[in-house]
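Chemist: There's a structure below that I have some questions on.
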Amino acid sequence: MASSTDRFDPDFVVRQVLKGNRDRFRLIVREYGLLVRGYLAARVYHLEDAEDLAQDAFLVAFSKLSTYEIGTNFRAWLLTIAKFQLTNHWRKTSRRANAMDRFRHDIAEAILPDLQKASEELDQERIGNLLDCIAKLPDRTRHLIRAGLDGVRMETLTEELNLKPNALYQLRHRAHQALRKCMEEQSPDPAS
Numbered sequence: 038m039a040s041s042t043d044r045f046d047p048d049f050v051v052r053q054v055l056k057g058n059r060d061r062f063r064l065i066v067r068e069y070g071l072l073v074r075g076y077l078a079a080r081v082y083h084l085e086d087a088e089d090l091a092q093d094a095f096l097v098a099f100s101k102l103s104t105y106e107i108g109t110n111f112r113a114w115l116l117t118i119a120k121f122q123l124t125n126h127w128r129k130t131s132r133r134a135n136a137m138d139r140f141r142h143d144i145a146e147a148i149l150p151d152l153q154k155a156s157e158e159l160d161q162e163r164i165g166n167l168l169d170c171i172a173k174l175p176d177r178t179r180h181l182i183r184a185g186l187d188g189v190r191m192e193t194l195t196e197e198l199n200l201k202p203n204a205l206y207q208l209r210h211r212a213h214q215a216l217r218k219c220m221e222e223q224s225p226d227p228a229s
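The opening position of the sequence shown corresponds to residue 38 in the numbering used here, with each subsequent residue numbered one higher.
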């Protein structure tokens, strides 16, 4: 059993897959699945689309694995593939950004760095801290964050919370600040 100090080495797994042990690719899917699905889910309206795009991204990654340059950032390489899948999806569906897309994008951008860092470091404590911080938010603010992550439409939220769109954006901004402050208090950055 691997200790908590062991780090996932994508280059090692890539070499194994390229040598013919194709089944080892599932380790890559297990390691990066949450990150890729989260990245895509933050940018599409339907969760099913995000799941399909993530599956497609991993299929492309598997088929293009020989083009990955050992020693470079595998995570960035994989997210680039996911970005291309997303761009193709948007091109096919001719989606145009609207207020809800921007709203969901902003929520995702606020939380995505914490999710990426947690995934990269295998830091379950940090994810727990983020969930604790969300739980500490006032009911209305917590509802806003969860609804945004669940893809609830902005119009629905303005009605549910009895707020105008500008007030909703202000509440979201304050929620982001409160989450950031709470995370800094719970796990101060040793570099600062």
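Glycine is no exception: its CB is placed at the ideal position from the N, C-alpha and C atoms.
Measure the beta-carbon distance from A145 to V73 and round it to whole angstroms, keeping in mind my assumption that it falls under 8 Å.
Modeler: Position 108 of the sequence shown, counted from the start, is the residue given in the question as residue 145. Position 36 of the sequence shown, counted from the start, is the residue given in the question as residue 73. Actually they do not touch by this definition, with Cβ atoms about 13 Å apart.
Chemist: Kindly indicate the opening and closing residues of the alpha helix (DSSP H) around H180.
Modeler: Mapped onto the sequence shown, residue 180 falls at position 143. Element bounds for H180: D176 to D187.
Chemist: A215: which of N203, T195, L198 and I171 sits nearest, CA to CA?
Modeler: By 1-based counting over the sequence shown, the position of residue 215 is 178. Answer by Cα proximity: I171.
Chemist: G70 and F45: beta carbons closer than 9 Å?
Modeler: Here residue 70 refers to the residue found at position 33 of the sequence shown. Here residue 45 refers to the residue found at position 8 of the sequence shown. Cβ distance not < 9 Å, so G70 and F45 don't count as in contact.
Chemist: Can you name, in chain order, every residue of its own chain whose Cβ lies under 7 Å from the Cβ of N199, other than the five neighbours on each side?
Modeler: For the purposes of this step, residue 199 is identified with residue 162 of the sequence shown, where counting begins at 1. No residues qualify anywhere along the chain.
Chemist: How is R132 classed by DSSP in three states: helix, strand or coil?
Modeler: Position 95 of the sequence shown, counting from 1, holds the residue named residue 132. Any reading at R132 must be qualified, since the residue scores a pLDDT of 49, below 50, and its modelled position is unreliable; the value itself is stated next. R132: coil per DSSP, three-state reduction.
Chemist: Kindly indicate which three-state DSSP category I107 falls into: helix, strand or coil?
Modeler: One-based indexing of the sequence shown puts residue 107 at position 70. In the structure shown, I107 sits in coil (DSSP, three-state: anything other than H, G, I, E or B).
Chemist: Flag this pair as yes or no: are the beta carbons of I107 and D60 separated by less than 9 Å?
Modeler: Here the question's residue 107 lines up with position 70 in the sequence shown. Here the question's residue 60 lines up with position 23 in the sequence shown. No.
Chemist: Are the CB atoms of G185 and F140 within a distance shorter than 9 Å?
Modeler: Counting from one through the sequence shown, the residue named residue 140 turns up at place 103. Counting from one through the sequence shown, the residue named residue 185 turns up at place 148. Yes, the pair counts as a contact, with Cβ atoms nearer than the cut-off.
Chemist: Applying the 10 Å Cβ sphere with the 16-neighbour rule, what's the burial state of L208?
Modeler: The residue labelled residue 208 in the question sits at position 171 within the sequence shown. Its Cβ being crowded by 16 or more others within 10 Å, L208 is buried.
Chemist: Less than 8 Å between the CB atoms is what I'm expecting for L123 and L90, so what's the real figure, rounded?
Modeler: On the sequence shown, position 86 is the one that residue 123 refers to. On the sequence shown, position 53 is the one that residue 90 refers to. L123 to L90, Cβ: 6 Å. Contact.
Chemist: Do L181 and L205 have their CB atoms nearer than 9 Å?
Modeler: Taking the sequence shown and counting its residues from 1, the one referred to as residue 181 is at position 144. Taking the sequence shown and counting its residues from 1, the one referred to as residue 205 is at position 168. Yes. Within cutoff.
Chemist: How many angstroms separate the CA atom of N166 from the CA atom of H210?
Modeler: Within the sequence shown, numbered from 1, the residue matching residue 166 stands at position 129. Within the sequence shown, numbered from 1, the residue matching residue 210 stands at position 173. When rounded, the distance between both Cα atoms is 20 Å.
Chemist: In angstroms with no decimal places, state the Cα-to-Cα distance between R179 and K173.
Modeler: As a working mapping, residue 179 is identified with position 142 in the sequence shown. As a working mapping, residue 173 is identified with position 136 in the sequence shown. Distance between the alpha carbons of R179 and K173 is about 8 Å.
Chemist: Nearest-angstrom Cα distance between N58 and F111?
Modeler: Stepping through the sequence shown from its first residue, residue 58 is reached at position 21. Stepping through the sequence shown from its first residue, residue 111 is reached at position 74. CA-CA distance, N58 to F111, rounds to 18 Å.
Chemist: Of the residues Q92, S100 and K101, which one's Cα is nearest the Cα of H126?
Modeler: Taking the sequence shown and counting its residues from 1, the one referred to as residue 126 is at position 89. Answer by Cα proximity: Q92.
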